[in-house]
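Worksheet for the structure shown next.
Number of protein chains: 2
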Amino acid sequence: MEKKIKDEVIICDKQHVHPYSVEETRAEMPDEEELFSLAEAFKIFGDSTRIRIICALMHKELCVCDLAELLNMGQSAISHQLRLLRTSRLVKTRREGKSIFYSLDDEHIELIINAGLAHIREE
Amino acid sequence: MEKKIKDEVIICDKQHVHPYSVEETRAEMPDEEELFSLAEAFKIFGDSTRIRIICALMHKELCVCDLAELLNMGQSAISHQLRLLRTSRLVKTRREGKSIFYSLDDEHIELIINAGLAHIREE
DNA sequence: TTAACATATGAATAGATGTTCATATAATAA
DNA sequence: TTATTATATGAACATCTATTCATATGTTAA
């Protein structure tokens, strides 16, 4: 049997709020620091150049100018984005002569991408 | 038995590239339009205010001023972000008197959030 | 060594984005 | 009706971000 709680109150001169809901939700949420990191992580995926790089590397390792050619963009732009991906530990590098090959460095990346694809492909 | 292909070539006065890798990868990638939508979708998750709203609504529906109170932010800022989430079909609304209650409107959202959490919690 | 190639990076710039402020709309209570 | 409460929204502003340009670093070949 569920109890019904009247969750409504007037606080000072402020707006009506539902303090029980608010406090209950606050207790259930991940802490601020974690939510901030989560947003920062999604920010990395929230750019089409980086998404294209990531999806390309899901297939096979590629060097910088391969990616520039593939995405039809300048080498510098690609290189700047790769630095971000490297800093975020999403890609790793391997040198072979003058070329530097990039590949994915995280098993969760494909999970995230696939969850995102499932999301945009529905409805 | 795998064939080894020498995937290296000089194109005009341009850089060295690995044309076989590039063409193979191009063929395997989702189309441009889909990758653009994917980036747009992740962009929504790439802001800590919106992530906090989404995580709050994962627990239970809340009205605008509940969210403002919970996140310690102005009503207008919350309302603007809710509009974005509404436009992106991530939340739905229900009116009850003067309050408008927001809740999640997509079964994939929790998948994406959980994939993201798994990602930031490792290493 | 010098030349050519591959990548990285700092600075500048243009465009996108989040919050605030003021105000509008909508529902309810008096 | 008018006043109050809840939400929505346009405009302004400051901040952030992605690309370009110029150049530096590092590797290989001649």
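Protein chains in written order, with the working numbering: chain H, 6 to 128; chain L, 6 to 128.
Beta carbons: idealized from backbone N, C-alpha and C, even for Gly.
For the alpha helix (DSSP H) that contains residue i, what are its first and last residues?
i: L4 (chain H); result: Limits of chain H in this structure are 6 at one end and 128 at the other, which puts residue 4 (chain H) out of reach.
i: G121 (chain H); result: H113 to R126
Just the C-alpha distance for residue i and residue j, rounded to the nearest angstrom, thanks.
i: S93 (chain H); j: E66 (chain H); result: 18 Å
i: S26 (chain H); j: A123 (chain L); result: 27 Å
i: V69 (chain H); j: I114 (chain H); result: 20 Å
i: Q80 (chain L); j: K48 (chain H); result: 24 Å
i: E131 (chain H); j: D71 (chain L); result: Outside the modelled stretch of chain H, which goes from 6 to 128, sits residue 131 (chain H), for which no answer is possible.
i: G51 (chain L); j: K103 (chain L); result: 31 Å
i: Q74 (chain H); j: P24 (chain L); result: Checking the sequence, you will find Glu at residue 74 (chain H) rather than Gln. The alpha-carbon atoms of E74 (chain H) and P24 (chain L) are separated by roughly 9 Å.
i: T30 (chain H); j: Y107 (chain L); result: 14 Å
i: E44 (chain H); j: I118 (chain L); result: Here residue 44 (chain H) turns out to be Ala, not Glu, going by the sequence shown. Near 10 Å, if we compare the C-alpha coordinates of I118 (chain L) and A44 (chain H).
i: L95 (chain H); j: A46 (chain H); result: 10 Å
i: S84 (chain L); j: V22 (chain H); result: 15 Å
i: R88 (chain L); j: I125 (chain H); result: 19 Å
i: H64 (chain L); j: L116 (chain L); result: 14 Å
i: R99 (chain L); j: L109 (chain L); result: 11 Å
i: D36 (chain H); j: E112 (chain H); result: 24 Å
i: N77 (chain L); j: L90 (chain L); result: 19 Å
i: Q86 (chain H); j: E127 (chain L); result: 23 Å
i: E28 (chain L); j: G121 (chain L); result: 31 Å
i: K97 (chain H); j: I105 (chain H); result: 10 Å
i: S53 (chain L); j: S53 (chain H); result: 20 Å
i: A61 (chain H); j: E101 (chain L); result: 48 Å
i: A82 (chain H); j: A82 (chain L); result: 33 Å
Fully enclosed by the segment 30-73 of chain L, which alpha helix (DSSP H) runs are 4 residues long or longer? 37-50 and 53-64
Under 8 Å, with one C-beta from each stretch per pair, do the segment 29-41 of chain L and the segment 43-60 of chain H reach the 3-pair mark? Yes, they touch.
Report the residues of the segment 37-61 of chain H with a CB closer than 9 Å to any CB of chain L, ordered along the chain. E37, E39, L40, F41, S42, L43, A44, E45, A46, F47, K48, I49, F50, G51, D52, S53, T54, R55, I56, R57, C60 and A61
Relative to chain L, which residues along the segment 113-125 of chain H have a C-beta separation below 9 Å, given in chain order? Those would be H113, I114, L116, I117, I118, N119, A120, G121, L122, A123, H124 and I125, in chain order.
Where the segment 78-92 of chain L meets chain H: residues whose CB sits under 9 Å from a CB there: Q80
Anything in the segment 98-114 of chain L with a Cβ closer than 9 Å to a Cβ of chain H? List those residues in chain order, please. K103, S104, D111, E112, H113 and I114: these are the residues of the segment 98-114 of chain L whose beta carbon lies less than 9 Å from some beta carbon of chain H, given in chain order.
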